[in-house]
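If you want this note's numbering, it's the position in the sequence shown, counting the first as 1, plus 500. Just so it is clear, CB atoms sit at the ideal spot from N, CA and C, and this is done for glycine as well. No experiment lies behind these values; they were computed from the predicted model shown. Below: the structure, in structure tokens.
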Amino acid sequence: MSDEAQLVAGLRRGDREAFDAIYDRYRPRVFAFLARLSGDRALAEDLLQETFVRLARRAPDLDPATRLRPWLFTVARNLFIDHRRWVVLDFDRLRDLALWPSRPRRVDETPFDLTEASEAERRIEAALLDLPTKYREAVLLVGIEGLAPNEAANILGVRPDALRQRLSRGRALLRDRLEKR
Numbered sequence: 501m502s503d504e505a506q507l508v509a510g511l512r513r514g515d516r517e518a519f520d521a522i523y524d525r526y527r528p529r530v531f532a533f534l535a536r537l538s539g540d541r542a543l544a545e546d547l548l549q550e551t552f553v554r555l556a557r558r559a560p561d562l563d564p565a566t567r568l569r570p571w572l573f574t575v576a577r578n579l580f581i582d583h584r585r586w587v588v589l590d591f592d593r594l595r596d597l598a599l600w601p602s603r604p605r606r607v608d609e610t611p612f613d614l615t616e617a618s619e620a621e622r623r624i625e626a627a628l629l630d631l632p633t634k635y636r637e638a639v640l641l642v643g644i645e646g647l648a649p650n651e652a653a654n655i656l657g658v659r660p661d662a663l664r665q666r667l668s669r670g671r672a673l674l675r676d677r678l679e680k681r
């Protein structure tokens, strides 16, 4: 039995150590994906926590052959999409009520946070955020997270050839945006 299969089996039994091992293994990559997808570290942290809450709740019902990495990325992406739907609804309602405030500076931003990333990283992050969501997701999952294109296609619910097109177009758009910055 593989290490991942043992972790899934432990998770299904309610083994806290298995959950902790999964959390430690996948937390950094899922967080990075959500942070880059959303452009908001606080939101990414919230969605990350909800992703692992869902894992804990659904653990007893997981298929023994569950591949954790694609499962976690799928849940994280779906949570982000759900969040965006609610935000759009809320923004529309606020606009209708003429209560649209200017975006305040985040309370948790520190000078260290603002200077932490190098200029190149900031350019890449900004260029990624400029991409339309469908291209950004493809680039993040395959190019940044290192998932196989078939895994990424499965997570995004598209055919592998559609994913390859999104990836190709996303990389081209990213390259164009980086050249302009």
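Using CA atoms only, rank isn't needed, just tell me which of the options is closest to residue i.
{"i": "R669", "options": "E645, N654, V639, A648", "result": "V639"}
{"i": "D530", "options": "L674, E517, N578, L631", "result": "Before going further, note that residue 530 is Val rather than Asp in the sequence given. The shortest C-alpha separation from V530 is found at N578."}
{"i": "L562", "options": "R525, E651, E504, D582", "result": "E504"}
{"i": "V674", "options": "R636, L507, R558", "result": "In the sequence as displayed, the identity of residue 674 is Leu instead of Val. For the residues R636, L507, R558, the minimum Cα distance to L674 belongs to R636."}
{"i": "R622", "options": "G539, L511, L568, R516", "result": "G539"}
{"i": "L511", "options": "A532, R567, P528", "result": "R567"}
{"i": "T551", "options": "F573, E651, R513", "result": "F573"}
{"i": "D630", "options": "R558, L537, E645", "result": "L537"}
{"i": "D676", "options": "F519, A627, P632", "result": "A627"}
{"i": "I644", "options": "P632, D520, R671", "result": "R671"}
{"i": "R516", "options": "P649, K634, M501, V553", "result": "V553"}
{"i": "A509", "options": "D524, Y526, A565", "result": "A565"}
{"i": "P528", "options": "G514, R513, Q549", "result": "Q549"}
Tell me the DSSP secondary structure of residue i in three-state form.
{"i": "L631", "result": "coil"}
{"i": "R659", "result": "coil"}
{"i": "A653", "result": "helix"}
{"i": "L555", "result": "helix"}
{"i": "R584", "result": "helix"}
{"i": "P564", "result": "coil"}
Looking at the unbroken alpha helix (DSSP H) that takes in residue i, where does it start and where does it end?
{"i": "D503", "result": "503-513"}
{"i": "A648", "result": "It is not in any alpha helix (DSSP H) - A648 carries neither H nor E in the DSSP assignment."}
{"i": "I522", "result": "516-538"}
With a CB to CB cut of under 6 angstroms and the five nearest residues on each side skipped, what residues in its chain are close to residue i?
{"i": "A535", "result": "R541, A544"}
{"i": "A653", "result": "P660, L663"}
{"i": "Y526", "result": "L572"}
{"i": "K634", "result": "R666"}
{"i": "A532", "result": "none"}
Less than 8 angstroms between C-beta atoms, sequence neighbours within five positions excluded: which residues of the same chain meet that for residue i?
{"i": "L547", "result": "L534, S538, A576, L579, F580, H583"}
{"i": "P570", "result": "L647, E651, N654, I655"}
{"i": "L678", "result": "R623, I624, A627"}
{"i": "D590", "result": "Low confidence applies to D590: its pLDDT is 44, below 50, so where it sits in the model is not reliable, and the reading given next is rough at best. There are no such residues."}
{"i": "P649", "result": "V642, P660, L663, R664, L667"}
{"i": "A559", "result": "L511, R512, G514, F519"}
When the cut-off is 8 angstroms and only beta carbons count, does residue i lie next to chain C?
{"i": "R666", "result": "Any reference to chain C falls outside this structure, which holds one protein chain only."}
Once the 5 residues before and after residue i are set aside, which same chain residues still bring their CB inside 7 angstroms of it?
{"i": "A521", "result": "L507"}
{"i": "Y523", "result": "F552"}
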